[in-house]
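These protein sequences, in sequence, are chains A and Z.
Numbering of the first sequence is given in the working numbering, commencing with residue 1 and proceeding in unit increments.
Numbering of the second sequence is given in the working numbering, commencing with residue 1001 and proceeding in unit increments.
Ideal Cβ placement from N, Cα and C applies to all residues, glycine included.
In what follows, a single structure is set out as structure tokens and then discussed.
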Amino acid sequence: AQSVTQLDSQVPVFEEAPVELRCNYSSSVSVYLFWYVQYPNQGLQLLLKYLSGSTLVKGINGFEAEFNKSQTSFHLRKPSVHISDTAEYFCAVSGRGGGADGLTFGKGTHLIIQP
Amino acid sequence: GAVVSQHPSWVICKSGTSVKIECRSLDFQATTMFWYRQFPKQSLMLMATSNEGSKATYEQGVEKDKFLINHASLTLSTLTVTSAHPEDSSFYICSARDQGLAKNIQYFGAGTRLSVL
Chain A
1 AQSVTQLDSQ VPVFEEAPVE LRCNYSSSVS VYLFWYVQYP NQGLQLLLKY LSGSTLVKGI
61 NGFEAEFNKS QTSFHLRKPS VHISDTAEYF CAVSGRGGGA DGLTFGKGTH LIIQP
Chain Z
1001 GAVVSQHPSW VICKSGTSVK IECRSLDFQA TTMFWYRQFP KQSLMLMATS NEGSKATYEQ
1061 GVEKDKFLIN HASLTLSTLT VTSAHPEDSS FYICSARDQG LAKNIQYFGA GTRLSVL
């Protein structure tokens, strides 16, 4: 079984400032890690993923995340945010069971961009 | 990129009626699809794993007879909420797993908002 902790339920940031959204996970098996973004009343869009290889992964919209196995973290970062980045961000994990595992999500972080 | 279509996007029904939600993978085949439920301002909770040609696998606490899942083809899974009651009102989201190179990635539909009166 896996669990995901997103410590910050809400993060306010000024436009063009950098941001980091924190994600920690626990699992008894190796996992794949994902960040999804959800805009109001919409489904989820994949921002980026870590499957294997380089621990620094780059995604869409200028976001990147770094997998840290020793700290069991997968924090999401963006060097300069835009108003359009206002959304709910979910960190998720799945077991490496050939992709047949459903995702376990964190509770989400609401990113609020202030002008 | 891979597209998952979910229909309807919003449904209002009377208590006691049944509602069917469709989830389609438009440009890829998906032997496995997933159904999630999201309460307001909360995270997504996995309800069940839908397997093409076989029975769905339900998560603990999810009523199989309440939430009927059918995955009759490689591109379509349906979730039927039977005898819906107000407590079933929620946002239901499906996802599909690409069988190809991106098999470890789930692509999500836009969700269905169910309101039971």
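Residue(s) in a DSSP beta bridge with residue i
| i | result |
| --- | --- |
| proline 12 of chain A | A/Ile112 |
| phenylalanine 1108 of chain Z | Z/Ser1095 |
| tyrosine 50 of chain A | A/Leu33 |
| alanine 92 of chain A | A/Phe34 and A/Phe105 |
| phenylalanine 1028 of chain Z | None; phenylalanine 1028 of chain Z has no bridge partner. |
| serine 1054 of chain Z | In DSSP, serine 1054 of chain Z forms no bridge with anything. |
| leucine 1114 of chain Z | Z/Val1011 and Z/Ser1090 |
| phenylalanine 1034 of chain Z | Z/Thr1049 and Z/Ser1095 |
| glutamine 42 of chain A | Answer is none; glutamine 42 of chain A lacks a bridge partner. |
N- and C-terminal bounds of the beta strand (DSSP E) containing residue i
| i | result |
| --- | --- |
| lysine 1020 of chain Z | 1019–1025 |
| serine 1050 of chain Z | 1044–1051 |
| alanine 1096 of chain Z | 1090–1097 |
| cysteine 1013 of chain Z | 1010–1013 |
| arginine 22 of chain A | Premise fails: arginine 22 of chain A is in no beta strand (DSSP E) and is neither H nor E. |
| valine 1062 of chain Z | Element bounds for valine 1062 of chain Z: n/a, residue is neither H nor E. |
| asparagine 68 of chain A | 64–68 |
| threonine 5 of chain A | 2–5 |
| serine 73 of chain A | 73–78 |
| threonine 1080 of chain Z | 1076–1081 |
| valine 57 of chain A | 56–58 |
| serine 28 of chain A | It is not in any beta strand (DSSP E) - serine 28 of chain A carries neither H nor E in the DSSP assignment. |
| valine 1004 of chain Z | 1004–1007 |
Residue i, DSSP secondary structure in three states
| i | result |
| --- | --- |
| asparagine 1070 of chain Z | strand |
| serine 84 of chain A | helix |
6 Å CB neighbourhood of residue i in its chain, flanking five on each side removed
| i | result |
| --- | --- |
| proline 115 of chain A | Glu15 |
| serine 1050 of chain Z | Met1033, Ala1056, Ile1069, His1071 and Ser1077 |
| leucine 56 of chain A | Glu66 |
| serine 1083 of chain Z | Gly1016 |
| serine 73 of chain A | Asn24 |
| glutamate 1022 of chain Z | His1007 and Thr1078 |
| tyrosine 50 of chain A | Leu33, Val57 and Phe67 |
| valine 1011 of chain Z | Val1019 and Leu1114 |
| glutamate 64 of chain A | Lys58 and Arg77 |
Proximal chain A residues relative to residue i, where beta-carbon distance stays under 7 Å
| i | result |
| --- | --- |
| phenylalanine 1108 of chain Z | Gly43 and Leu44 |
Close-in-space but distant-in-sequence residues of the same chain around residue i (CB under 8 Å, 5 per side omitted)
| i | result |
| --- | --- |
| proline 79 of chain A | Pro18 and Gly62 |
| leucine 1044 of chain Z | Tyr1036, Arg1037, Gln1038 and Ile1093 |
| histidine 1085 of chain Z | Ser1015, Gly1016 and Val1116 |
| phenylalanine 1067 of chain Z | Trp1035, Met1047, Ala1048, Tyr1058, Leu1079, Thr1080, Val1081 and Thr1082 |
| serine 1018 of chain Z | Thr1080, Val1081, Thr1082, Ser1083 and Ala1084 |
Sequence-distant residues of the same chain with beta carbon closer than 7 Å to residue i, five excluded per side
| i | result |
| --- | --- |
| glutamine 1029 of chain Z | Leu1074, Thr1075 and Gln1099 |
| alanine 1110 of chain Z | Gln1006 and Ser1009 |
Cross-chain neighbours of residue i in chain A, by beta carbon under 8 Å
| i | result |
| --- | --- |
| glutamine 1042 of chain Z | Lys107 and Gly108 |
| glycine 1111 of chain Z | Asn41, Gln42 and Gly43 |
| leucine 1046 of chain Z | Gly102, Leu103 and Thr104 |
| lysine 1093 of chain Z | In the sequence as presented, lysine is not what sits at residue 1093 of chain Z; that position holds isoleucine. The answer, in chain order, is Gly43 and Leu44. |
| phenylalanine 1034 of chain Z | Gly102 and Leu103 |
Proximal residues of chain Z, C-beta to C-beta of residue i below 7 Å
| i | result |
| --- | --- |
| tyrosine 32 of chain A | Asn1104 |
| lysine 49 of chain A | Ile1105 |
Beta-carbon neighbours of residue i, restricted to chain Z and to distances below 9 Å
| i | result |
| --- | --- |
| phenylalanine 90 of chain A | Ser1043 and Leu1044 |
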